[in-house]
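Number of protein chains: 4
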Amino acid sequence: MLGYCDVRDMTERLAAPLSPEDQTVQSMPDVSPTKWHRAHVTWFFETFLLGPNDAGYKVFHEQFGYLFNSYYEAVGARHPRPQRGLITRPGAAEIGEYRAHVDSAMTALIERGGDASLQELLELGLHHEQQHQELLVMDAKHVLSLNPLLPAYGDLPWPVTRAQDALDGSGWVGNDGGIVATGHQGDGFAFDNETPRHDVLLAPFEVAADLVTNGDWAAFIDDGGYRRPELWMSDGWYVVQGQGWDAPLYWYPTEDGWRQFTLQGSRPVDPAGAVSHVSWYEADAYARWAGARLPLEAEWEAVAPLADDPQAVRGGWYGQVWQWTASPYVSYPGFVPAAGAVGEYNGKFMVNQQTLRGSALATPPGHARRTYRNFFPPQSRWAFTGLRLAR
Amino acid sequence: MLGYCDVRDMTERLAAPLSPEDQTVQSMPDVSPTKWHRAHVTWFFETFLLGPNDAGYKVFHEQFGYLFNSYYEAVGARHPRPQRGLITRPGAAEIGEYRAHVDSAMTALIERGGDASLQELLELGLHHEQQHQELLVMDAKHVLSLNPLLPAYGDLPWPVTRAQDALDGSGWVGNDGGIVATGHQGDGFAFDNETPRHDVLLAPFEVAADLVTNGDWAAFIDDGGYRRPELWMSDGWYVVQGQGWDAPLYWYPTEDGWRQFTLQGSRPVDPAGAVSHVSWYEADAYARWAGARLPLEAEWEAVAPLADDPQAVRGGWYGQVWQWTASPYVSYPGFVPAAGAVGEYNGKFMVNQQTLRGSALATPPGHARRTYRNFFPPQSRWAFTGLRLAR
Amino acid sequence: MLGYCDVRDMTERLAAPLSPEDQTVQSMPDVSPTKWHRAHVTWFFETFLLGPNDAGYKVFHEQFGYLFNSYYEAVGARHPRPQRGLITRPGAAEIGEYRAHVDSAMTALIERGGDASLQELLELGLHHEQQHQELLVMDAKHVLSLNPLLPAYGDLPWPVTRAQDALDGSGWVGNDGGIVATGHQGDGFAFDNETPRHDVLLAPFEVAADLVTNGDWAAFIDDGGYRRPELWMSDGWYVVQGQGWDAPLYWYPTEDGWRQFTLQGSRPVDPAGAVSHVSWYEADAYARWAGARLPLEAEWEAVAPLADDPQAVRGGWYGQVWQWTASPYVSYPGFVPAAGAVGEYNGKFMVNQQTLRGSALATPPGHARRTYRNFFPPQSRWAFTGLRLAR
Amino acid sequence: MLGYCDVRDMTERLAAPLSPEDQTVQSMPDVSPTKWHRAHVTWFFETFLLGPNDAGYKVFHEQFGYLFNSYYEAVGARHPRPQRGLITRPGAAEIGEYRAHVDSAMTALIERGGDASLQELLELGLHHEQQHQELLVMDAKHVLSLNPLLPAYGDLPWPVTRAQDALDGSGWVGNDGGIVATGHQGDGFAFDNETPRHDVLLAPFEVAADLVTNGDWAAFIDDGGYRRPELWMSDGWYVVQGQGWDAPLYWYPTEDGWRQFTLQGSRPVDPAGAVSHVSWYEADAYARWAGARLPLEAEWEAVAPLADDPQAVRGGWYGQVWQWTASPYVSYPGFVPAAGAVGEYNGKFMVNQQTLRGSALATPPGHARRTYRNFFPPQSRWAFTGLRLAR
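Residue numbers (the working numbering), protein chains in the order written: chain A, 287 to 677; chain B, 287 to 677; chain C, 287 to 677; chain D, 287 to 677.
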């Protein structure tokens, strides 16, 4: 199980390179300010653990519940998401005090122990905070990217695999299909949307051993990929034209070729690196252009290594980019959301989204899982999203 | 096979109650003017059949190809969809002349016969026109509904089943699940998206023998269904609040209870009638409220009667309302779009839509099929869309 | 005084070239459908003359008051302006019946005579209808212009001065300024906004004897007029960039030079013609480019000939294009709106508009007046608007 | 003449109560972040004074010219105004360093002296900075107002007149009208838009000796002022309905009556205080309701005391709220903008705005002038804007 202090500390380490100003801005409605993330994950512990389980706990501020509830309808009104960037107070330092206040009460609560349901909520809260750690990074990157000075975030507090070390080179991983069990079962932690484990029927298939690279993507661009409607879903083509897309998010052309905005500032595009910041529409069009398709999420799960397999780094299954699948995000047969407010966690987003598998460089170590189901709308590009092909 | 003149004539019968003014207006971007429908289906025959197969054919007007192409990227530029309602000329009468011009050439072409591929395109063109017949009706209803005078369209040119005659009353239709073949195979016509026939693995399930009725829906409203966020997908709740939805489209409250705008003008809501003009978001929320769920499309197909089964009227499987399913609209495994421009027919819409099954009162007789896959975005309400439950 | 039947008949002559479809569409919120104009001016007589003065009058349709009230808050709710194009019924023919019904009652009322107040309202109603005659033409032109077929409206039912016949060639008309009386006084008809006649103090000035021509405007374009921000008001520059303006409305470039959409369809731009369909922003920028300025409306009035002066055609003071002035549209000192609902006629638009003087080719003969104050927002271009310089 | 260090220091004193987070956010496109104001006024000195006059000056940062140019087209491209709130770096502290860098060079330049044109630009730069001091306060107030915690800015660094001390109580100030000189002439500083001094012809008039108070405004509200279309300009009524206005900006109803958000946080509305944060539309409607009108700006100027008259505090002519006039903001006859880029200062905003006179509590002491012409669009409410009546 994750350690409370380890996870909480990691959030602060991720926020450390960001100034109070950096932590305040919301660059688009999808993005939340850094200090909002820091407060929201804290509110989760305050609301779902301390409130019901610590009779002596005093809330840090009466109105923080309103400001830092993300989307839990069952626990009351909340500040509108698109207006998170208008809140300058509490500032970054005061959020730090809020975190310390809750940490103090939480560590005492943890020491006192508690029943299984409390343990489950604690574990959920920590995995929830890890999710927001990744969001914090991708949101901060988006904020900084809109500054003409192209300022750097800096290095992540964990090792990131070099692109060339992730290449597998072995072509395709075949599978005979048939009835295959998919989803989570057993003792380890999983989100409710990974359950119940169930059988699916697959036709024989192959999944690429490697991720699609920046070099591959440049060939797609050079071949007119962004100008050929026959490659695109109708909705995707509409977005391409309306937004003027001609490359992944954060790429920009220079006299010396493509450059991209990264956490370290502007860098030349590395042909060997996994392509990132592409939408599902782009991934789907690329696959069609390549004479292939995206894998179903059950196909991906059937052939991917376990996330803690030391070999998993090869082939980029984890730790590089999330990988779009052909599967819309729907509930597994027999899915039952958790009871209470936390039951809103995943179930109510099961429409208009596509599933992604694997994990990305900004995913905290230990958070990835073979059965993990990430999801974003098909036009989203600000997450660390790439693809591998299937056929 | 459908008769060319029968289908063509039916379109004109459906347009007959609509004045030149009625045929011109586009009430929202999803809607097309009646005279556009009449011209577009004609352009299909002109472009895909006469053009390649009738060397002596002279196009009726050089620019109609631009005006009446719907979305076929492969056959050139086209007039923007949201601006179809700005085109006053050609008028309704001139569109009639265009239709006669093409019909004359088409009947000659049909008499000359042709290879299988021509026959296939002819059949596709006729089924395409039947689809637009239904669109014509639902679009005209929407146009008329925005007039404070609530003018009537009138009766459809085919018999419509009375609501109470469609009640089955037998509760639930059970099925043991297992490996089930789904999709079209064989000689009769089907759209490409119904193929290939393939196996799916289903858990045991039940599907309701009856459609959800207006009376059922009124109970949902009375129980606060439109005010309880826990019943809704997050995206759906956003739409409910943004649009102020509190009942199906076309319902409005009066001192004497709910009334609804119908093809015959304003009518009291009939509790025994199938609820119609609800979005997928509403159907999904209703099912959750009812302690049930929407069926998968494979489940629906496994238990539905054949469309030409005389018993099919019972239970409202066909001819009342399209029935939302829990299945996002995606390609069947191994799906290959048709070659050429007509390959754009269905495949490029396979994202952000939900599948519907059955058929509606405005579906032309003979057009329905058990394997038929209709699809709309989850917020759409102007089609004749209802639901039946599953569990 | 204007003749009732003459004015009413002229409206129908202006609508005659327009099909039922043409008469239905609203191409932007500023535009009203032809059949709406025909009905609205009729509603004016029904509401303000027949209602209070003809006890036996029966309204043609109970809901027409709702549909055809333009903006008179005092006489009740009304259909939202941007939705006028959604009303297909009553159709163009039924509007004709409505007009005949009201004409029958009105001619009887006129025969019976009436007090001065009734005579005043009658005269106001006829001048109001003449205003809508011009709106009908400019709105219909806009609707037709959005059709890629560029269909023609045809000839107006009155003679239009040829461009070259309007050239004066005498340069500038000087004036010593001083205290000058401006505004309407006396017996003839005038709108309330032309009163009271009052003194203004003017510095010495000159006004150009001729209108700015298309040839002049082409020189402005060629000199980068649309690409030089220093020539523009800040709001104007924002519009130029946002809308991509690079020429007057209805001009479009071809290999053979500029062409423009006219009431007769597409025509080459005539260098000798008065430039038309330019916004105030463009007129103001042109004047700055030319080292001049727009005249104040009092300056214009001080030097313009009377509208019924046979010499007035020379110099294009009337009958070519409305001429933008430097004057925002505000009330004259001591202005008092008319009592009752018709008091809403002009006063409530006295902000965010610029005044225009003269008249245009689409202004009905006899409607122009030297003291006439027309007004449009500074970005408007669909009226027949041009300019003459001052300094 | 204003002292360079005094003015520069005052800006920093005004920013001091605002945290780095407060200084970063842009709450609407009209608003600029505090740190942007601090940088922009600095850029003005760097660009227009140091650049041309100090050969040894090194710009602080190459890209600040892009980031902190407000609207001067003549000095190059600039960052889009609505995106000012996306720039987190440079932060508030680095802006402080930028200011110090420029101040150091500027004080040296001032010591070296310079020709009259340099002195003029210096004076312009300081008055420009004073204008932004007021903008800084009103923008910060708007940012803080959107926070549900309603945080306080605190006290201004100069004395503010208590409301009751500003009451005059003497009713109306009469004037016989006639030819009156208006505008600036002579030695003291004035903006170009206050010149040239010129004669206008006024009818006899009276202007109220007092400002309209919050108590007056409450009576207007209670009398249905926001619900009676006959009181409003058409454009204003559209805004009232679209925005749901029912009171001045920052007022909100409670069980204990109206409260308002102030620089000191939430306070009960003081009936004796001058009403503030009303738009021109509201001021105009109020005047109509009161049976009066707004004064022309020449009327205001003809009866107002001089700004440095010790008696001017009585009657609230200065230092309470800017006072809307009936006059659209246009150039004075014979107006010539200054040469060079600073000529863009005022002239290009002379359309779609209404003139205001006097000054407000947030106007820096010494900045007000009897001939001063402030201007805002008629829907603006976030400035400290009120009114006095005329008749």
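We put the beta carbon where it would ideally sit given N, CA and C, even for glycine.
For residue i, count the other beta carbons within 10 Å of its own beta carbon; 16 or more makes it buried, fewer makes it exposed. Which is it?
i: Ala598 of chain C; result: buried
i: Lys344 of chain A; result: exposed
i: Ala676 of chain A; result: buried
i: Asp496 of chain C; result: buried
i: Ser645 of chain B; result: buried
i: Met314 of chain C; result: exposed
i: Gln419 of chain B; result: buried
i: Pro581 of chain B; result: buried
i: Met519 of chain C; result: buried
i: Met287 of chain D; result: exposed
i: Arg398 of chain A; result: exposed
For the beta strand (DSSP E) that contains residue i, what are its first and last residues?
i: Leu642 of chain B; result: 640 to 643
i: Gln609 of chain D; result: 608 to 614
i: Gln527 of chain C; result: Where Gln527 of chain C is concerned, there is no enclosing beta strand (DSSP E), although the alpha helix (DSSP H) it sits in stretches over 520 to 529.
i: Arg545 of chain B; result: 543 to 548
Compare the C-beta of residue i against all C-beta atoms of chain B and say whether one is closer than 8 Å.
i: Tyr679 of chain A; result: The question about residue 679 of chain A has no answer, for chain A in this structure spans 287 to 677.
i: Asp478 of chain A; result: no
i: Val311 of chain C; result: yes
i: Arg385 of chain C; result: no
i: Asp462 of chain A; result: no
i: Pro636 of chain A; result: A small fix is needed here, since residue 636 of chain A is Met in this sequence, not Pro. Chain B, which has a Cβ nearer than 8 Å to the Cβ of Met636 of chain A, makes this yes.
Where do the N-terminal and C-terminal ends of the alpha helix (DSSP H) with residue i fall, by residue?
i: Val327 of chain D; result: 320 to 331
i: Val429 of chain B; result: 402 to 431
i: Tyr384 of chain A; result: 378 to 398
i: Gly351 of chain A; result: 350 to 354
i: Val293 of chain A; result: 290 to 301
Using a Cβ-Cβ cut-off of 8 Å, state whether residue i counts as contacting chain D.
i: Glu307 of chain A; result: yes
i: Asp485 of chain C; result: yes
i: Thr540 of chain A; result: no
Any Cβ of chain A within less than 8 Å of the Cβ of residue i?
i: Ile465 of chain B; result: yes
i: Pro366 of chain D; result: no
Between residue i and chain C, is the shortest Cβ-Cβ distance under 8 Å, so that the two count as touching?
i: Leu435 of chain B; result: yes
contact_flag[the segment 419 to 432 of chain D, the segment 577 to 591 of chain D] where n(CB pairs < 8 Å) is 3 or more
no
Per the contact definition of three or more C-beta pairs closer than 8 Å, is the segment 627 to 636 of chain A in contact with the segment 513 to 520 of chain B?
yes
Which runs of the beta strand (DSSP E) fall wholly inside the segment 551 to 588 of chain D and span at least 3 residues, in chain order?
551 to 554
Those runs of the beta strand (DSSP E) which lie wholly inside the segment 464 to 499 of chain D and span at least 3 residues:
464 to 468, 484 to 488, 491 to 494
Decide if the segment 296 to 304 of chain D is in contact with the segment 318 to 325 of chain D; the criterion is three or more beta carbon pairs, one per stretch, under 8 Å apart.
yes
For the segment 412 to 421 of chain D against the segment 358 to 378 of chain D, are there 3 or more C-beta pairs whose distance is under 8 Å?
no
Is the segment 536 to 544 of chain A in contact with the segment 602 to 615 of chain A, if contact means three or more CB pairs nearer than 8 Å?
no
Any 3 or more C-beta pairs closer than 8 Å across the segment 436 to 454 of chain D and the segment 375 to 390 of chain D:
no
Across the segment 559 to 572 of chain A and the segment 522 to 529 of chain A, are there enough close Cβ pairs to call them in contact, namely three or more that are closer than 8 Å?
yes
Three CB pairs or more closer than 8 Å across the segment 550 to 558 of chain C and the segment 654 to 663 of chain C:
no
Given 8 Å, three or more beta-carbon pairs between the segment 471 to 480 of chain B and the segment 500 to 513 of chain B:
no
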